[in-house]
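Inspection log for the structure reproduced underneath, given as structure tokens.
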Amino acid sequence: MSETAPTHIVIGAGIVGAATAYALQKRGARVTLIDRGEPGRGASYGNSGALSPGSVAPLAMPGVLKTVPGMLLDPQGPLHVPPEYLFTALPWLLRFVAASAPEQVARISNALAQLHAGAIDRHLELAREIGAPELIIQRGHLHLYPDEAALAKDAAGWKLREQHGVKFERIGREQILALESQVGPRYQVGIHMPEQATVVNPFRYVTRIVAAFAANGGRVEQGEVQRLEATAPPGNSGWRCVGAARSWEAPQVVIAAGAWSLRLLEGIGMHVPLETQRGYHVTFKGVVAPISRTVVLADRKAFLAPMEEGLRIGGTVEFGGLDRLPDYRRARLLAQFARETFAGLGDAQEEVWMGHRPCFPDTLPRVGPAPAHPGLWLAFGHGHLGLTDSVNTARLLAEIIT
Ligand SMILES: Cc1cc2nc3c(=O)[nH]c(=O)nc-3n(C[C@H](O)[C@H](O)[C@H](O)COP(=O)(O)OP(=O)(O)OC[C@H]3O[C@@H](n4cnc5c(N)ncnc54)[C@H](O)[C@@H]3O)c2cc1C
Numbered sequence: 020m021s022e023t024a025p026t027h028i029v030i031g032a033g034i035v036g037a038a039t040a041y042a043l044q045k046r047g048a049r050v051t052l053i054d055r056g057e058p059g060r061g062a063s064y065g066n067s068g069a070l071s072p073g074s075v076a077p078l079a080m081p082g083v084l085k086t087v088p089g090m091l092l093d094p095q096g097p098l099h100v101p102p103e104y105l106f107t108a109l110p111w112l113l114r115f116v117a118a119s120a121p122e123q124v125a126r127i128s129n130a131l132a133q134l135h136a137g138a139i140d141r142h143l144e145l146a147r148e149i150g151a152p153e154l155i156i157q158r159g160h161l162h163l164y165p166d167e168a169a170l171a172k173d174a175a176g177w178k179l180r181e182q183h184g185v186k187f188e189r190i191g192r193e194q195i196l197a198l199e200s201q202v203g204p205r206y207q208v209g210i211h212m213p214e215q216a217t218v219v220n221p222f223r224y225v226t227r228i229v230a231a232f233a234a235n236g237g238r239v240e241q242g243e244v245q246r247l248e249a250t251a252p253p254g255n256s257g258w259r260c261v262g263a264a265r266s267w268e269a270p271q272v273v274i275a276a277g278a279w280s281l282r283l284l285e286g287i288g289m290h291v292p293l294e295t296q297r298g299y300h301v302t303f304k305g306v307v308a309p310i311s312r313t314v315v316l317a318d319r320k321a322f323l324a325p326m327e328e329g330l331r332i333g334g335t336v337e338f339g340g341l342d343r344l345p346d347y348r349r350a351r352l353l354a355q356f357a358r359e360t361f362a363g364l365g366d367a368q369e370e371v372w373m374g375h376r377p378c379f380p381d382t383l384p385r386v387g388p389a390p391a392h393p394g395l396w397l398a399f400g401h402g403h404l405g406l407t408d409s410v411n412t413a414r415l416l417a418e419i420i421t
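Each residue of the sequence shown is one higher than the last, beginning at 20 in our numbering.
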């Protein structure tokens, strides 16, 4: 191998791939980071910016079978499966329900707690290293409920957090207003999580990591990897990433292509139950955000954040695959929730966006070696928590790969 040939390739420059390329480079690897588009334009572009290591409750909790049908029937509900996609989504949904068994929930919750441990400190360290400490604010998260009955519906999730030592405090309307004075009267009960944090511009975060990686000698290439080919004899590592116009080769390849990772794996005969849970955001651009920290409308499963560009509200889970066009009615619903909670958003310009959360039925990402494929590594499936878990994924992978 020549002195300049990469030792490692990372496919996908979302937050997971960017952080992984950066971490590998720090450990002395010669890394090429490939994305078919501009880095950070996937799910990592428009997430809600919440750094939530306290989120140790899996998505499928006991009783999910009772709550999901009601959500599906409610046009304003946080979950939507278009009828024509139901059949495609069914095997995934059945696995999702199986993951809600109490013993599975305990296992998954422990794994989530391990993956999240120390995440905020590592994000702060990374943000400092890339010269952008202003991207992270540490003012906690505020979860809002209309009343005790709504809070009671989430009791199991809060109990899990308590068991894992996550700090939080139940507060009333007066304390809500002391933290965030502009919250409308719909919300009377709150939970304050003082240790959580917020990235105030997730896209700029990725671009700054990639810029730091490039400044340290990393190569950033634009191109779509169409398939993977093993270049080494069985048992040895070596991969070719074949694109339309050119190919890239290295002994070690990390797949960090978010929800699209599935397509690369299918080409080498690996099948994983990865689905996209499509989510939406609306950013009210140019407004002074009426909040100073992440605020969660817990009854509507929507996250609001004070972004550099204005106020963002993100949420909803929509099935429908990678190719179907966005249904921006979901985003308009989010905008309505924001306007109902915060008077004074006026006629602010609204940016709408849809992104693909890469989700496994058991909530857990796949991070580690691809079974039976030496030199190939998996780093995808972070679902609703990919921003939070990107740094720990990167660190873990860089440690085991190098
Ligand atoms: C509405 C919404 C709100 C969210 N809020 C939060 C939050 O508050 N906190 C949190 O922790 N997480 C949140 N998430 C989840 C988080 O955004 C994702 O888990 C995370 O961005 C996934 O990162 P990734 O790098 O795996 O994927 P992506 O960011 O999607 O990156 C994958 C990259 O791979 C590239 N790619 C794909 N295929 C190929 C190929 N064949 N060749 C070359 N390049 C390829 C794509 O172009 C893309 O750039 C949210 C998600 C959504 C949708």
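C-beta: ideal position from N, C-alpha, C; glycine also.
Cβ of residue i within 7 angstroms of any heavy atom in ligand 1?
i	result
D54	yes
S67	yes
R60	yes
A32	yes
W279	yes
P377	yes
A275	yes
G329	no
Y224	no
L404	yes
L41	According to the sequence as given, residue 41 is Tyr; it is not Leu. For ligand 1, not one heavy atom lies less than 7 angstroms from the Cβ of Y41.
L154	no
V35	yes
S71	yes
F361	no
G137	no
L283	yes
T51	no
Please classify residue i: is it buried, with 16 or more other beta-carbons within 10 angstroms of its beta-carbon, or exposed?
i	result
N411	buried
P88	exposed
L109	exposed
T39	buried
H290	exposed
Would residue i and residue j be called neighbours here (beta carbons separated by less than 8 angstroms)?
i	j	result
E294	W111	yes
H142	L70	yes
G333	S119	no
P213	G137	no
W279	I28	no
A42	A357	no
S439	E199	Any property of residue 439 remains undetermined from this structure, which presents the chain solely from 20 to 421.
A275	A398	yes
F115	P380	yes
T313	T421	no
G59	G33	yes
A321	L281	no
A350	V225	no
So what does residue i bridge to, in DSSP terms?
i	result
Q296	R376
I155	V218
W396	V273 and P388
A249	W258
L70	A216
E337	H99 and R297
V314	L161 and L323
*Is the stretch 338 to 349 touching the stretch 100 to 108, taking contact as three or more C-beta pairs under 8 angstroms?*
yes
*Do the stretch 126 to 136 and the stretch 74 to 87 meet, that is, are 3 or more Cβ pairs less than 8 angstroms apart?*
yes
_Any 3 or more C-beta pairs closer than 8 angstroms across the stretch 352 to 371 and the stretch 380 to 394_ = no
*Would the stretch 223 to 232 and the stretch 256 to 275 be scored as touching if the rule is three or more Cβ pairs under 8 angstroms?*
no
*Tell me, please, whether the stretch 244 to 254 touches the stretch 364 to 376 by the rule of three or more beta-carbon pairs shorter than 8 angstroms.*
no
*Could you tell me whether the stretch 164 to 180 touches the stretch 140 to 154, where touching means 3 or more Cβ pairs closer than 8 angstroms?*
no
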